[in-house]
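Here the structure comes first, spelled out in structure tokens, and everything after it is commentary.
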Amino acid sequence: MGIFEKLTFTKLKDGLAKTREGIVGKVARLLTTKTTIDDELLDQIEEILIAADVGVDTSLKIIDSIRQRVKEERYSNAEELNVLLRDEIQRQFANGSAGLQPNLLDLASKRPIVIMVVGVNGVGKTTTIGKMARQYVSDGKNVLIAAADTFRAAANEQLEIWAKRAGADMIWRPRGSDPAAVAFDALKSATARNADVVIIDTAGRLHTKVNLMEELKKIKRVLQKQNPDAPHEVLLVIDASTGQNGLQQAKKFCEAVGVTGLVLTKLDGTAKGGIVLAITKEMEIPVKFIGVGEEIDDLQPFDKQAFVEAIFAQ
Amino acid sequence: MFEDLSRKLEGVFKRLRGEGKISEANVGETLREIRRILLDADVNYKVAKQFVDDVKERAVGEHVLQSITPGQLIVKIIYDELVSLLGTSNVEITISPSPPTIVMVAGLQGSGKTTFCAKLASHLKSQGRHPLLAAADMHRPAAIEQLVALGEQLDVPVYWESDASAVAVAEQSIVHAKKNARDVVIVDTAGRLHVDEDMMKEVEAIKSSITPHEILFVVDAMTGQDAVNSAKAFHERLNFDGVVLTKLDGDARGGAAISLRASVGKPIKFIGVGEKLDALEKFHPERLASRILGKGDIVTLVEKAQERFDEEKAITLQAKIRKAQFTLEDFLQQLQEVKRMGPLSQVLGMLPGMSRLPQEATIDDNALVEIEAIIQSMTKEERQNARVINGSRRKRIAVGSGTTVQGVNRLLKQFDQMQKMMKTLRKGRKKDMLMGGLQMR
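Read top to bottom, the protein sequences are chains A and B. Our numbering numbers the first residue of the first sequence as 1 and each following residue consecutively. Our numbering numbers the first residue of the second sequence as 1001 and each following residue consecutively.
So, in structure tokens, the structure goes:
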């Protein structure tokens, strides 16, 4: 049990409560006109998955294995199909590495823990960092934030406000400085002052920009010069409204800096964030957190069961 | 991913190649593949379904039945439909006759509103206008600082207040613009989720307090299925005038644009293609359609389809020529097609056989308009059979086309010579003659 598990699921549950029917209700409704699980029903389920941005490939795979199991295990009614669906979708996560659980940072063994946060523009990296810092601070940890987005106008100012809210310190340099230098300074300073966690904010960058991806690699390299294990965690932030391009993003960021976990943001809207299913499965990266609002406490550990429910909620 | 898809499509076409006519099964396969391509490009599943159904309906008509390569023709229809669905290019923003023109920018968090505002200011400034940026995002930390910094970079003034409501800032920015002779005010608003009732009320309130001349909705090109929901919700509240599609410098295929067009029907006015402040571009529907269908592969297929289509027409024409049935109608049709290819002098040079035509039978560019007018002033009977055109008919045609009887006579003489030429030529290289190089694009 780690610090993030102290949080409640109220927000997400509130969101779900709007339409409490979830999978059970929806599938049941689909089944009212049916007596058996037939192709038409499975097509409708496929549509729900696609509408949640799960993507055609992953949806088809899920439907195919359901079809297989319906045949082999002789499922027939709505209740059974619910179980099957849940199981199959959750399996997408389980089939990855063993770390596909709310993965908590082991603070005791290596200090300071270095967390690098990456992603394309506008996904909510800075906000996520503010929320994450807050959780560490309220758990009694000493947190240092590195403002390594030296590109965007007023990025320092934005992060500073979040650092103050969270009660964390921040290392920054003027706009246009080398982001790797900021990260290097931050780790050095954190080590000197015996901080527990260093969180590195990076500029949003499209994964197709070679130079910017090289810049990201450099940040990682300079961190490793000080601590070969750093960064201990590289979190890729994905906006829940992202479509199929999310997979490309994950691939390119993995290639560049080896992503260890996903953060799915903006789940408080109507977007379901289904693309993480494809990412977690294909890239074998666990989803670690979800963002459900703009308040500092709106970051929660990922819960696959709630996620699956949410896909089928309207 | 792209490679996979184009290979799949190629596979579908390979199977179709050589099949003379279309069958339900092979259209079905192509359409399924197209639906999938659209879904992979993030086109909303309902929109994709409707779209494919519409295309199917169209494809079942004679267009395809005439064709020698049905699959390719379907793709051409799809491409054309996509382009027409995406709307026209170069839709500018509304400039009010009495300044200042008020432009309001709204959208979800992180879609790129603030960057777009700066780009738009830069664009308008380069057109000789005097924009003012208004920082009405009172929610995001340091949003004001960001806009101020961008304004400094562009040397465009920014109106801001630190402790005021977004509505007050928006209102005051207009007052400020009037006082300081700024002719366009660009109001940046906070990013908000369409389900956030308080925030949606705020954006509505901003709209009603400043009555913008132009409201732009900013959408991230990487957006998936949910684009329809957010766009509809924003549209209900704001009835926005246009869409800005951002972050197209990545590799997202931008299918959200199709969903948006289909669901709210507003034109895409600008696209964002980079973080630099001059990286704002006009929207080109053809480019986005190719991109949604997957890089350049589809375009090539479309072009091939077009070639085949023209070839088919050419074959019909050649048959007519062989039988000496070449009419003025055919002549007009050919001229129109030739005209689409560029200057006549160049086009004719490319055609084998054409150099052998006598001097009188050649046509110069200026004469083309006149010839078209003359043929169009003829009755159907006259076009099919030029021999019926007597003196009084010539007079009527001349009056109808705004030319002279001499002009009509000249054309008829040239046509007569062309027909004679064709009779001689058909003994020679018929296949190469005339239509050999006559392919569009």
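Even for Gly, the Cβ is constructed at its ideal location relative to N, Cα and C.
- About 12 angstroms separates the CB atoms of R1287(B) and R1253(B); that is not less than 8 angstroms, and the two are not in contact.
- Here the alpha carbons of T1189(B) and E1204(B) stand approximately 11 angstroms from one another.
- Separation of the CB atoms of V308(A) and Q135(A) is rounded to 24 angstroms, and the pair is thereby denied contact status at 8 angstroms.
- Contact with chain B is absent for S177(A), since none of that chain's Cβ atoms lies less than 8 angstroms from the residue's Cβ.
- Listed along chain B are L1193, V1195, D1196, each with a C-beta nearer than 9 angstroms to that of D268(A).
- Under the three-pair Cβ rule at 8 angstroms, the region 1380-1390 of chain B does not count as touching the region 1398-1407 of chain B.
- Among the CB atoms of chain B, one or more fall inside 8 angstroms of the CB of W162(A).
- By the C-beta density criterion, P174(A) is exposed, having fewer than 16 other C-beta atoms within 10 angstroms.
- Separation of P231(A) and A1170(B) (C-alpha to C-alpha, rounded to the nearest whole angstrom) is 44 angstroms.
- The beta carbons of S1230(B) and L1108(B) sit about 6 angstroms from each other, so the pair counts as a contact at 8 angstroms.
- Residues of the same chain with a CB within less than 6 angstroms of the CB of A52(A), apart from the 5 flanking positions on each side, are K272, G274, I311 in chain order.
- Between G55(A) and Q226(A) the beta-carbon gap is near 39 angstroms, outside 8 angstroms, which marks them as no contact.
- At least one beta carbon of chain A lies nearer than 8 angstroms to the beta carbon of M1222(B).
- Put simply, the backbone Cα of V1055(B) is about 52 angstroms away from that of D178(A).
- In this structure, D201(A) and A148(A) form a Cβ contact; the two beta carbons are roughly 6 angstroms apart against a cut-off of 8 angstroms.
- Looking only at V1185(B), E1197(B), K1201(B), A1221(B), the smallest Cα-Cα distance to E1214(B) is reached by V1185(B).
- Nearest in C-alpha terms to K1282(B), of all of K1413(B), L1124(B), R1192(B), V1091(B), is V1091(B).
- DSSP links D201(A) through a beta bridge to V117(A), A147(A).
- Counting the other CB atoms within 10 Å of its CB gives K131(A) a total of 16 or more, which places it among the buried residues.
- Close to R1036(B), with beta-carbon spacing below 8 angstroms, are these residues of chain A in chain order: V56.
- Take R193(A), set aside five residues on each side of it, and the residues of its chain with a beta-carbon closer than 8 angstroms to its own are N142, L144, in chain order.
- Around the beta carbon of G293(A), a 10 Å sphere encloses 16 or more other beta carbons of the protein chains shown; the residue is thus reported as buried.
- For T1189(B), the three-state secondary structure derived from DSSP is strand.
- K1276(B) has a beta carbon lying at 8 angstroms or more from every beta carbon in chain A.
- Interface criterion met: the Cβ of D239(A) is under 8 angstroms from a Cβ in chain B.
- The region 1241-1251 of chain B and the region 1214-1224 of chain B touch, with no fewer than 3 CB-CB distances between them shorter than 8 angstroms.
- Its chain contains V70, Y75, S76, L81 as the residues whose beta carbon lies nearer than 7 angstroms to that of I37(A), once the 5 sequence neighbours on both sides are disregarded; these appear in chain order.
- By the CB criterion at 8 angstroms, L1147(B) and A1135(B) fall inside the cutoff.
- Within chain B, the residues K1247, D1249, G1250 have their CB atoms less than 7 angstroms from the CB of L206(A), given in chain order.
- Separation of G1274(B) and K1247(B) (C-alpha to C-alpha, rounded to the nearest whole angstrom) is 7 angstroms.
- Our two residues, Q1127(B) and A133(A), have alpha carbons roughly 45 angstroms apart in a direct line.
- In the three-state DSSP reduction, A52(A) falls in the coil class, being neither helix nor strand.
- At a cut-off of 8 angstroms, the C-beta of V123(A) has a neighbouring C-beta in chain B.
- For E1281(B), the enclosing beta strand (DSSP E) begins and ends at 1280-1282.
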